[in-house]
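Peer 1: Take this structure, written in structure tokens, and hold onto it; I'll ask about it next.
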Amino acid sequence: MDEQSNVAAIPVGVVGLGLMGSSIVAALLISGHPVKAIAPIASDAENVHERIYTQLHYCQEAGLTDSDEDLKARLEISQDYAVLADCQVVIECVVEKLAVKSEVYRKITDVVSAECIIGSNTSALPISELQPYVSNPGRFLGIHWAEPAFMTRFLEITCGKLTMPVFAERIFTLAHQWGKEPTLLKKDIRGFITNRLMYAVYREIFYQMESGNATREDLDKVFRYDAGSWMTLMGVFRRMDYLGLKDYAAALDNIFPQLSNAAGVPEMMQVMVAETARGIHNDRGLYPYGPGEGKQWDEAFTRFNLEIHSLAAKYSEEQVKGHLYKL
13 MDEQSNVAAI PVGVVGLGLM GSSIVAALLI SGHPVKAIAP IASDAENVHE
63 RIYTQLHYCQ EAGLTDSDED LKARLEISQD YAVLADCQVV IECVVEKLAV
113 KSEVYRKITD VVSAECIIGS NTSALPISEL QPYVSNPGRF LGIHWAEPAF
163 MTRFLEITCG KLTMPVFAER IFTLAHQWGK EPTLLKKDIR GFITNRLMYA
213 VYREIFYQME SGNATREDLD KVFRYDAGSW MTLMGVFRRM DYLGLKDYAA
263 ALDNIFPQLS NAAGVPEMMQ VMVAETARGI HNDRGLYPYG PGEGKQWDEA
313 FTRFNLEIHS LAAKYSEEQV KGHLYKL
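Quick note: my numbering has the sequence shown finishing at residue 339, numbered continuously throughout.
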């Protein structure tokens with residue numbers, strides 16, 4: 013597999029076909045790969061065809077593919093790991109439990125070649141802790157997608173202590189053919205990049221709400237209408253450049269000591285967990301939801317991601333520089 017590879021000649025396996033796994037399957041199919049999808053547990057196998065076909069229908073509606081029937085022809089769904097035998101890449105997307113993942117890795121490595129790259133979609137477990145459960149651990153790395161995988165430009169590639177750079181570089185190159193703007197984290201830090209940044213936000217936002225300083229609605233508005241208006245275009249560092257940098261040193265010196273440094277789970281989140289609230293997935297969360305309202309938010313998010321995906325492409329760094337050179 014190299015930079016000139018034809019994705020149609022690169023079979024990719026996905027193990028775990030829940031919401032995220034089925035979304036990854038759709039992303040790989042619209043990129044041109046033959047996909048071997050494994051449903052390792054009974055709950056994954058339930059309605060799996062309908063779940064993936066719904067994702068593919070979204071892709072067709074969004075204009076990401078001409079025909080979802082052509083995509084279905086490249087998809088093989090099974091509970092037999094043997095179908096992974098010819099895969100050049102296999103992505104694990106099962107629950108965040110080490111015992112479950114280690115058994116899945118054993119079953120994968122029993123059937124794939126020694127050169128097959130094995131990746132985990134984990135957002136919580138360190139890649140270096142998972143590597144020992146894979147034979148030839150140098151070919152193991154994190155391949156962390158954002159939901160919905162077929163419409164978001166995000167992909168986070170994380171190397172463990174034993175990951176060989178050649179395998180990370182292969183996935184980094186291939187990710188561009190998946191329509192992603194991948195990041196490559198060469199050191200396996202807890203939480204990787206995305207979650208470390210977001211957890212800092214979660215800690216502060218819960219602190220502000222539980223302190224009575226602002227409502228959840230107003231705190232969300234801050235992100236929707238301030239940060240949300242510039243993040244896709246600029247990111248954080250370029251935003252600082254845009255604002256001029258002049259006042260940042262004084263502001264950070266004043267604000268940093270005032271931020272929450274809580275080390276425990278916020279009380280409100282503990283209550284949600286105790287009540288088995290799963291947000292839009294069972295219409296019980298931090299916000300109230302009427303029957304079926306959660307599904308509407310899921311569909312809205314899918315449509316929104318299509319639009320923001322296109323918008324981000326129009327304002328990439330290359331596009332912005334291109335306007336300069338046209339003047």
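Where a beta carbon is used, it is the ideal one built from N, C-alpha and C, also for glycine.
(1) Less than 8 Å between C-beta atoms, sequence neighbours within five positions excluded: which residues of the same chain meet that for Val37?
(2) When the Cα atoms are used, what is the spatial distance from Leu174 to Gly302?
(3) In whole angstroms, what is the alpha-carbon distance linking Gly306 and Asn294?
(4) What residue from Ser328, Ala20 and Pro138 has the CA that sits closest to Gly44's CA?
(5) Would you report the Cα separation of Leu264 and Ile217, rounded to the nearest angstrom?
(6) Quick one: measure Cβ to Cβ for Leu142 and Lys113, integer angstroms, because I've assumed they're closer than 8 Å.
(7) May I ask which residues mark the beginning and end of the beta strand (DSSP E) holding Thr134?
(8) First and last residue of the beta strand (DSSP E) that includes Ser90?
(9) What whole-angstrom Cβ distance do Leu147 and Thr121 have, given they're in contact under 8 Å?
(10) Taking the alpha helix (DSSP H) that Leu186 belongs to, which residues open and close that run?
(11) Within 10 Å of its beta-carbon, does Ser322 have 16 or more other beta-carbons around it, so buried, or fewer, so exposed?
(12) Starting from Ala325, trace the alpha helix (DSSP H) in both directions and tell me its first and last residue.
(13) Between Leu298, Gln282 and Thr244, which has its C-alpha nearest Asp232's C-alpha?
(14) When you compare the stretch 157-164 with the stretch 310-330, are there three or more beta-carbon pairs, one atom per stretch, that lie closer than 8 Å?
(15) Got a sec? Which residues, its chain only, sit under 8 Å from Arg228 by beta carbon, not counting five neighbours each side?
(16) Beta-carbon within less than 6 Å of Ala74's beta-carbon, same chain only, minus the 5 sequence neighbours each way: which residues are those?
(17) Taking a contact to mean a Cβ-Cβ separation below 8 Å, would you say Cys171 touches Leu153 in this structure?
(18) Helix, strand or coil for Cys71, going by three-state DSSP, please let me know.
(19) Just verifying my parser: in three-state terms, what is the DSSP assignment at Gly33?
(20) Looking only at its own chain, which residues have a Cβ that is under 6 Å from the Cβ of Ala94, when we skip the five neighbours before and after it?
(21) Count the other C-beta atoms from every protein chain shown that fall within 10 angstroms of the C-beta of Ser132, then say buried if there are 16 or more, exposed otherwise.
(22) Nearest by alpha-carbon distance to His69: which of Ala324, Ser135 and Arg315 is it?
(23) Would you kindly work out how many angstroms separate the C-alpha atoms of Gln331 and Leu255, rounded to a whole number?
Peer 2: Let me lay it out:
(1) Val26, Leu29, Val47, Ala49, Ile64, Gln67 and Leu87
(2) Taking the straight line joining both Cα atoms gives about 48 Å.
(3) 7 Å
(4) That would be Ala20, whose Cα lies nearest to the Cα of Gly44.
(5) Each residue's alpha carbon lies about 18 Å from the other.
(6) 6 Å
(7) Premise fails: Thr134 is in no beta strand (DSSP E) and is neither H nor E.
(8) Ser90 -> beta strand (DSSP E) spans Leu87 to Ser90.
(9) It should be pointed out that residue 147 corresponds to Ser in this sequence rather than to Leu. Contact holds; Cβ gap of about 5 Å.
(10) Pro177 to Gln189
(11) exposed
(12) Glu305 to Lys326
(13) Leu298
(14) yes
(15) Met221, Leu298 and Tyr299
(16) Leu318
(17) yes
(18) helix
(19) helix
(20) Around Ala94: Val123.
(21) buried
(22) Arg315
(23) 21 Å
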